[in-house]
Amino acid sequence: MTSIRSTHSRSLGGGRSSRAFSLVELQVSLVIFLLLLGLLFGLTQQTTQVFRTTSGQMEAFRSARAAFETITRNLSLATLNNYYDYVDATGRTRAEVIQGGDATLASSFSPATYGRVSDMHFVCGRQGGGTTLYTRQITHSVFFQAPLGFSQAGALSTLENMVNACGYYVEYSADTSQPGFVASAPVYRYRLMEFMQPAEQLSVFSSGGTSWFTDALSGATPPVHQVAPNIIALLFLPRSSSADSAASSDPILTAIPDFIYDSRASLNSAVHHQLPPLVEVVMVAIDEASATRFATANATPPTVIQNALTASGRFQTASRLEADLRDLERDLTDQRITFRTFRTIVPMRNSKWSRQ
Numbered sequence: 442m443t444s445i446r447s448t449h450s451r452s453l454g455g456g457r458s459s460r461a462f463s464l465v466e467l468q469v470s471l472v473i474f475l476l477l478l479g480l481l482f483g484l485t486q487q488t489t490q491v492f493r494t495t496s497g498q499m500e501a502f503r504s505a506r507a508a509f510e511t512i513t514r515n516l517s518l519a520t521l522n523n524y525y526d527y528v529d530a531t532g533r534t535r536a537e538v539i540q541g542g543d544a545t546l547a548s549s550f551s552p553a554t555y556g557r558v559s560d561m562h563f564v565c566g567r568q569g570g571g572t573t574l575y576t577r578q579i580t581h582s583v584f585f586q587a588p589l590g591f592s593q594a595g596a597l598s599t600l601e602n603m604v605n606a607c608g609y610y611v612e613y614s615a616d617t618s619q620p621g622f623v624a625s626a627p628v629y630r631y632r633l634m635e636f637m638q639p640a641e642q643l644s645v646f647s648s649g650g651t652s653w654f655t656d657a658l659s660g661a662t663p664p665v666h667q668v669a670p671n672i673i674a675l676l677f678l679p680r681s682s683s684a685d686s687a688a689s690s691d692p693i694l695t696a697i698p699d700f701i702y703d704s705r706a707s708l709n710s711a712v713h714h715q716l717p718p719l720v721e722v723v724m725v726a727i728d729e730a731s732a733t734r735f736a737t738a739n740a741t742p743p744t745v746i747q748n749a750l751t752a753s754g755r756f757q758t759a760s761r762l763e764a765d766l767r768d769l770e771r772d773l774t775d776q777r778i779t780f781r782t783f784r785t786i787v788p789m790r791n792s793k794w795s796r797q
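Residues in the sequence shown are numbered from 442 upward in steps of one, following our numbering.
Okay, structure coming up:
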């Protein structure tokens, strides 16, 4: 019995006893755990923020891209339906003389030769310099006719090829489409606007100059709606064909060095009653976060963005288009404004360009 007890006691004494974590070890482990938890939380927040920002930009620029495609698609359908008729020594037809209000000349109209004639109108122009087509436009605008088939008369809704007066420009304004029962302060933004005159209201055949769209735009209920918000610049540059553009002088750019193309003006010039073969379209959009940051409480555009659009006479001379775009993008980047530039060359399907 004695030997058994001593053996048992030796075996118990010689075994290794269990050892718990010390307080210092627990504290170190807790600190490491908290650091890892904080790092994981920070990464989660950053990922969420990046996802939200990217999603917002994608959504904003998705609507801008859809608007850009609408512009280029409708612009490519522009038509003048031009033909040849007798013109006098000044290059005007009898109808143009009558529209000019000179009854004496109309009664004694003397045809001299054949010339291009059209009852329709294609015009694009810049802001400023006394040549602004529409007082509210920012950068450029374009107005034309195209067979878009839009009508507010039910009896005409099935006629798909009816001609409409159409136009695009950018303005800084509140959202007029907001329902009246929504009680909130007006939200001012740069907005891409579409002028779409129903076929039954088309007045281009009975008016000279630009009154066919300026009168409609200044009316009580102008046929205008927003296509996309946060579009700060819209530019149009009519051009000749690629072969002509590669030459030392483009006949269109020579005739319109200041972005102003008017098919009704410039008698006896290269652009008289002609559609340009190509129109280069440039559009600059910003995201909603940048628009909110610089938004104003009234119809006065934000100074920072306006300065970027107009500094040093930007977008007034066709030969400076590339340099002006680079300067605009640099200024927007310096102000940490997120933007995207859309650019393409639109072939005009109905153009019958002639150098004569």
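Backbone N, C-alpha and C fix where the C-beta goes; we use that ideal spot for every residue, glycine too.
Once DSSP output is grouped into helix, strand and coil, what is the label at residue i?
i: residue 647; result: helix
i: residue 706; result: coil
i: residue 583; result: strand
i: residue 688; result: Low per-residue confidence applies at residue 688: pLDDT is 43, beneath 50, and the placement is therefore not dependable, though the value from the model is reported in the following sentence. Coil at residue 688, not helix or strand.
i: residue 612; result: strand
i: residue 770; result: helix
i: residue 560; result: coil
i: residue 502; result: helix
i: residue 605; result: strand
i: residue 677; result: strand
i: residue 507; result: helix
i: residue 617; result: coil
i: residue 533; result: coil
i: residue 521; result: coil
i: residue 798; result: Outside the modelled stretch of the chain, which goes from 442 to 797, sits residue 798, for which no answer is possible.
i: residue 726; result: strand
i: residue 599; result: coil
i: residue 483; result: helix
i: residue 716; result: coil
i: residue 514; result: helix
i: residue 695; result: helix
i: residue 528; result: strand
Does any residue of chain C bring its CB to less than 7 Å from the CB of residue i?
i: residue 677; result: Absent from the structure is chain C; it holds one protein chain and no more.
Is it buried or exposed for residue i, if we count other Cβ within 10 angstroms and need 16 for buried?
i: residue 525; result: exposed
i: residue 715; result: buried
i: residue 555; result: exposed
i: residue 503; result: exposed
i: residue 569; result: exposed
i: residue 523; result: buried
i: residue 566; result: buried
i: residue 703; result: buried
i: residue 641; result: exposed
i: residue 660; result: exposed
i: residue 689; result: Only weak support exists for where residue 689 lies, its pLDDT of 48 falling under 50; the coordinates are left without a value.
i: residue 722; result: buried
i: residue 652; result: exposed
Between the Cα of residue i and the Cα atoms of the options, which residue gives the shortest distance?
i: residue 717; options: 599, 786, 650; result: 786
i: residue 672; options: 590, 741, 595, 508; result: 508
i: residue 647; options: 475, 479, 562; result: 562
i: residue 746; options: 567, 579, 460; result: 579
i: residue 636; options: 722, 602, 583; result: 583
i: residue 790; options: 476, 586, 528, 461; result: 586
i: residue 655; options: 529, 552, 739, 574; result: 574
i: residue 724; options: 657, 704, 760, 511; result: 511
i: residue 531; options: 713, 643, 701; result: 713
i: residue 658; options: 607, 699, 691; result: 607
i: residue 550; options: 645, 603, 534; result: 534
i: residue 697; options: 638, 726, 741, 760; result: 760
Is residue i a contact residue of the ligand ADP, with contact defined as CB to any heavy atom under 6 Å?
i: residue 516; result: Only the bare structure without any ligand can be found here, which leaves the ligand ADP out of the picture.
Would you check if the region 528 to 541 and the region 507 to 520 touch, i.e. whether three or more CB-CB distances between them fall below 8 Å? no
Do the region 622 to 642 and the region 663 to 677 make contact, defined as three or more Cβ pairs closer than 8 Å? yes
Give, in chain order, every unbroken run of the beta strand (DSSP E) that is at least 3 residues long and sits entirely within the region 728 to 795. 780 to 788
Decide yes or no for the touch test of the region 736 to 754 against the region 471 to 483: beta carbon pairs closer than 8 Å, at least 3 of them. no
Are at least three pairs of beta-carbons, each pair with one atom in the region 673 to 682 and one in the region 586 to 606, less than 8 Å apart? no
Take every Cβ of the region 721 to 739, pair it with every Cβ of the region 773 to 790, and state whether three or more of those distances are shorter than 8 Å. yes
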